[in-house]
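There are 2 protein chains.
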Amino acid sequence: MTYSEENYLKAIYHLSLFQKKGVNTNAIAKMIDSKASSVTDMIKKLAEKNLVKYQKYQGVSLTAEGLLEAKMIVRKHRLWEVFLVEKLDFSWDEVHDVAEELEHINSEKLINKLDAFLGFPTEDPHGDPIPNAKGEIKKMDKKLLSELKLNQKSICVGVKDSSSNFLKYLDKQQIALGSTIEIMEKESFDASLIVLVNGNEMNISHKIASNLYVKTV
Amino acid sequence: MTYSEENYLKAIYHLSLFQKKGVNTNAIAKMIDSKASSVTDMIKKLAEKNLVKYQKYQGVSLTAEGLLEAKMIVRKHRLWEVFLVEKLDFSWDEVHDVAEELEHINSEKLINKLDAFLGFPTEDPHGDPIPNAKGEIKKMDKKLLSELKLNQKSICVGVKDSSSNFLKYLDKQQIALGSTIEIMEKESFDASLIVLVNGNEMNISHKIASNLYVKTV
DNA sequence: ATATATTTTTAGGCAAATCTAAAAATAATT
DNA sequence: AATTATTTTTAGATTTGCCTAAAAATATAT
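Those protein sequence lines, which keep their order, are chains A and B. Residue numbering for the first sequence follows my numbering, beginning at 4 and increasing consecutively. Residue numbering for the second sequence follows my numbering, beginning at 4 and increasing consecutively.
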């Protein structure tokens, strides 16, 4: 598989997690940062290789084979992210671009040895699950902080938006994976929250709250 | 720089270590496993980017800029090899192909952090020198085992041929980097040697002896 | 239900990296 | 020095992945 094919599979995979129907050509184009016509071309190629199911004008979905391939790319991406953070002291906002390259390195032996070296982690530095060697994903029940009720106590377990910008904001506010978050007040006007983060009171906008995953305790 | 451009620079670099004149088009083609006409095309591209100096029919040589780029690729290749062997338990005959992919990952931060993580090694698992971040290479005085005189004592410090085949042969004979090698006899008929490797007597063909680097003690 | 807007596909092209086959330059031989 | 052999370059194609612009299909709105 080429670099480009892998990126398409990954994009389709990520999009299909939200959209239960076929994934739109345009959505893929936006994610890959290319044009709809290019997407159509590539989709045909992937369909011929039996990696996606494709009906003209009806969007695409991954075949079992395509799904496994996509998961393996995600697996590699997230394992490399763990490596960068745990072993090479990268911060969680610096790992994405490098992992985008590393995910295409093609060696089962490498990735399984790396997995073992890291102690078979189940989550990446942003709290996203890491598929195991069989493609199985341990699904965890997390919800958005914005969905919590008043006075609910929770622990931060992930981020929905993992852009460098957002992650740096969290660093500044000293919100990290594992932080305890308790909702003290909800402002109905703008849906902002007053919360205790590790015991410290702070104000959190709705936009922030709807990009933070927590598990209730 | 593209993947392909990097591979050409690396090939020219390796060939120029032996050939002091311009590097031949055909030699590059053989190393890259492509055709002379393809090489000519690429050389023109590299010359326009000021990475090589090129005169029609006279071969190519690296510019200062091209040389540094080439060394950085070699640096990455060899650091990854160290990582694979030291951290992921690869054997020295398994690392080459994976390192060929990893060497193209493009992040200065990554490679310098990796370097530090590995303890700033100066040699790869085959005894080849690792350029530092500035491109400097610690040159060591090693010679081929085949060049040694009778009764000379030495330590194995590297291999000239690092093909999997040869490395596996060395494993089988229990010859490794660091092994002591003393020449007991030289057979003039076929230039084979009788040597003591870590005290054990064995017979070594000329072909083997001329692919093993040693330093005398 | 028809008209309008949006999405998707097709058609035709372009750039990168490769190839084959032929031509040109250089090297080797008699 | 002239001929032959080898190496290198050019010319013209091919493949992959992408593009723009136009056409076709689907979705939305009046």
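The C-beta atom is built at its ideal place from N, Cα and C for all residues, glycine as well. Keep in mind it's a predicted model, so treat the numbers as computed, not measured.
Item                                                                                                                         : Value
Contacting positions in the region 101-123 of chain A - beta carbon closer than 7 Å to chain B                               : Val-101, Glu-104, Leu-105, Ile-108, Asn-109, Ser-110, Leu-113, Lys-116, Leu-117 and Phe-120
Reduced DSSP secondary structure (H/G/I, E/B, other) of Lys-189 of chain A                                                   : strand
Residue from A:Leu-196, A:Lys-52, A:Asn-109 and A:Tyr-172 whose Cα sits closest to the Cα of Gln-155 of chain A              : A:Leu-196
Residue nearest to Lys-210 of chain A in terms of C-alpha spacing, selected from A:Lys-38, A:Ser-94, A:Leu-147 and A:Ile-158 : A:Leu-147
Residues that DSSP places opposite Asn-203 of chain A in a beta bridge                                                       : A:Val-200
Candidates A:Glu-111, A:Phe-93 and A:Phe-192: closest to Asp-127 of chain A by CA position                                   : A:Phe-93
Distance between Asn-201 of chain A and Leu-18 of chain A (C-alpha atoms, nearest Å)                                         : 34 Å
Beta carbon proximity, Lys-90 of chain B to chain A, threshold 9 Å                                                           : yes
Cα-Cα separation, Val-220 of chain B to Thr-183 of chain B                                                                   : 9 Å
Burial state of Ala-67 of chain A, where buried means 16 or more other Cβ atoms lie within 10 Å                              : exposed
Span of the beta strand (DSSP E), counted from its first residue to its last, around Ile-158 of chain A                      : 156-162
Three-state class that DSSP yields for Glu-84 of chain A in the structure shown                                              : helix
Neighbour flag for Glu-97 of chain B against chain A, beta carbons, 9 Å                                                      : yes
Cβ pair Leu-91 of chain B, His-129 of chain B closer than 9 Å                                                                : no
Beta-carbon proximity of Ser-165 of chain A to Asp-144 of chain A, cut-off 9 Å                                               : no
Residues bridged to Tyr-219 of chain B [DSSP beta-bridge criterion]                                                          : Per the sequence presented here, residue 219 of chain B reads as Thr, with Tyr not at that position. Per DSSP, B:Ser-157.
Chain B contact for Leu-87 of chain A (CB, 9 Å cutoff)                                                                       : yes
Lys-79 of chain A versus A:Asp-174, A:Lys-116, A:Glu-190 and A:Ile-178, residue with shortest Cα-Cα distance                 : A:Lys-116
Buried or exposed (CB count within 10 angstroms, at least 16 for buried), Ala-194 of chain B                                 : exposed
Buried versus exposed call for Ser-40 of chain B [16 or more other C-beta atoms within 10 Å across all chains shown]         : exposed
Glu-111 of chain B (DSSP reduced to helix, strand or coil)                                                                   : helix
Element boundaries [alpha helix (DSSP H), containing Val-101 of chain B]                                                     : 98-105
Closest by C-alpha distance to Phe-86 of chain B, when choosing among B:Lys-24, B:Ala-119, B:Gly-69 and B:Tyr-11             : B:Ala-119
Assigned secondary structure, Lys-221 of chain A (DSSP; H/G/I helix, E/B strand, else coil)                                  : Summary: the structure shown does not reach residue 221 of chain A, with chain A confined to residues 4 through 220, and so no result is reported for it.
Residue from A:Leu-20, A:Ser-213 and A:Glu-9 with nearest C-alpha to Leu-49 of chain A                                       : A:Glu-9
Contacting residues, own chain, Cβ-Cβ under 8 Å from Glu-204 of chain A (five flanking each side not counted)                : Met-187, Ile-197 and Val-198
Run of the beta strand (DSSP E) containing Leu-173 of chain A, from where it starts to where it stops                        : Not the beta strand (DSSP E): Leu-173 of chain A falls in the alpha helix (DSSP H), residues 167-175.
Closer than 9 Å to chain A by CB, Phe-93 of chain B                                                                          : yes
Proximal residues to Phe-169 of chain B (C-beta, below 7 Å), its chain only, five neighbours per side dropped                : Val-162 and Asn-214
Identity of the residues DSSP links to Thr-183 of chain A by a beta bridge                                                   : A:Ile-158
Assigned exposure category for Tyr-60 of chain A - 16 Cβ within 10 Å defines buried                                          : exposed
Residues near Ser-167 of chain B by beta carbon distance below 7 Å, same chain, minus five either side                       : Asp-96
Span of the beta strand (DSSP E), counted from its first residue to its last, around Leu-65 of chain A                       : 63-65
Helix, strand or coil at Leu-12 of chain B [DSSP, three-state]                                                               : helix
Collapsed DSSP secondary structure at Leu-147 of chain A in the structure displayed                                          : strand
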